[in-house]
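S.K.: Chains as they are written, first to last, in this note's numbering: chain A, 16 to 103; chain V, 125 to 331.
No residue lacks a Cβ here, since even glycine has one placed at the ideal position from N, Cα and C.
Just so you know, these numbers come straight off a predicted model, no measurement behind them.
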């Protein structure tokens, strides 16, 4: 019988949860796994902590990534260009 | 008359399904070209191509992914030729994806929340823009635009394994850069962790 190492098992479990959470945010989990994970997140504080951390960091990366703010002007330019191309 | 009606249907599809993605395309184009003007030209060109080939688009399918693929191809085929960038060897196509990459995780769970506290706002953009093109592309498509691995694989024409491999390496690089910027701003990781970019295990066999 193999020696049982609770610390190692705890580490492996934590790592597995992190992977599941990452795959959730990557939209790489199937429906069943997603449902299981969300249930655990709702009922287990350690799952919730990992989940919220990953969510927070991803939100920050999205929030701080520059997005040009002149898309309305560009939209008009595209519409005009297409309208003109149809008239030619 | 029938011809006129067909044209109108196409215009409706174009307006309702394709035009709403202009902002997302503009962001992607900006991070590819680093220039507002070039990004706008690239997006306009993308829409002109999409309009011309609208008969190839199936109504109600993934318009956003279709547009991103057109834009990415336009960028590779035309824009990069214009700026005469040297051809680079894509090592990611040589290094095969290992399941062990996934075992080590590819998310941001080891990145401390506090690193964002002192940032002025442009560090994330600077960090993303400093990534090599292939890595930058998957970060933008996955983390900023929310495409799935399958959609990204289709947009950039690589196998899903390559998408995951690039994402794993791209996120590690991005984390290193963000931590470095945060440290320049006075952040100290109290866990005393070393932040070396993880490299593939040299002991693992390569296919």
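1. For residue 293(V), which residues of its own chain have a beta-carbon under 7 Å away from its beta-carbon, when the five flanking residues on both sides are left out?
2. For residue 285(V), decide whether its Cβ has a neighbour in chain A, counting only Cβ atoms nearer than 7 Å.
3. Between residue 181(V) and chain A, is the shortest Cβ-Cβ distance under 7 Å, so that the two count as touching?
4. I want to verify the contact list: residues of chain V whose CB lies under 8 Å from the CB of residue 47(A), in sequence order.
5. Hey, could you find the ends of the alpha helix (DSSP H) residue 274(V) is sitting in?
6. How should residue 396(V) be labelled, buried or exposed, when 16 other C-beta atoms within 10 angstroms of its C-beta is the threshold for buried?
7. Give the straight-line distance between the Cα atoms of residue 300(V) and residue 170(V), rounded to the nearest whole angstrom.
8. Quick one: does residue 60(A) have its CB under 7 Å from some CB of chain V?
9. Report yes or no: do the region 250 to 268 of chain V and the region 54 to 72 of chain A share at least 3 C-beta pairs separated by less than 8 Å?
10. Distance cutoff 7 Å, beta carbons only. Does residue 90(A) sit that close to anything in chain V?
11. Let me know the beta strand (DSSP E) ranges lying completely inside the region 29 to 82 of chain A, each 3 residues or longer, listed in chain order.
12. Helix, strand or coil, according to DSSP, for residue 254(V) in the structure here?
13. Looking at residue 191(V) and residue 145(V), is the spacing between their C-beta atoms short of 7 Å?
14. Report the option in 75(A), 36(A) and 49(A) whose CA atom is closest to the CA atom of residue 302(V).
15. Name the residue from 273(V), 136(V), 306(V) and 159(V) whose alpha carbon lies nearest to the alpha carbon of residue 235(V).
16. In the region 140 to 165 of chain V, which residues sit with their C-beta less than 7 Å from some C-beta in chain A, listed in chain order?
17. Secondary structure at residue 164(V), three-state DSSP: helix, strand or coil?
18. Which residues of chain V have a Cβ atom closer than 7 Å to the Cβ of residue 68(A), listed in chain order?
19. Just to confirm the assignment, what range does the alpha helix (DSSP H) spanning residue 307(V) have?
20. Looking at chain V, is there any beta carbon in it that lies within less than 7 Å of the beta carbon of residue 77(A)?
21. Run through chain V and tell me which residues come within less than 8 Å of residue 86(A), C-beta to C-beta.
M.R.: So, to answer that:
1. Contacts found: 259.
2. Judged by the 7 Å Cβ criterion, residue 285(V) is not in contact with chain A.
3. No, residue 181(V) does not count as interfacial toward chain A.
4. What residue 47(A) touches in chain V: nothing, since even the nearest Cβ is about 17 Å away.
5. It spans 273 to 280 - the alpha helix (DSSP H) in which residue 274(V) sits, taken as one unbroken run.
6. Only positions 125 to 331 of chain V appear in this structure, which leaves residue 396(V) out of reach.
7. CA-to-CA, the gap between residue 300(V) and residue 170(V) works out to about 33 Å.
8. Residue 60(A) does not count as touching chain V.
9. Verdict: no, contact absent.
10. True, the Cβ-Cβ gap to chain V drops below 7 Å.
11. Unbroken beta strand (DSSP E) runs of no fewer than 3 residues, entirely contained in the region 29 to 82 of chain A, are not found.
12. Residue 254(V) falls in the coil class under three-state DSSP.
13. Contact flag set, yes.
14. Selected option, being the one with the closest Cα: 75(A).
15. Of 273(V), 136(V), 306(V) and 159(V), the smallest CA-CA separation from residue 235(V) is found for 306(V).
16. Within the region 140 to 165 of chain V, the qualifying residues are 143, 146, 147, 150, 151, 154, 160, 163 and 164.
17. If DSSP states are grouped into helix, strand and coil, residue 164(V) belongs with the helices.
18. Near residue 68(A) (Cβ distances below 7 Å), the residues of chain V are 233 and 237.
19. Counting along the chain, the alpha helix (DSSP H) containing residue 307(V) begins and ends at 284 to 308.
20. Yes - at least one Cβ of chain V is within 7 Å of the one on residue 77(A).
21. Under the 8 Å cutoff, chain V gives 146, 147 and 150.
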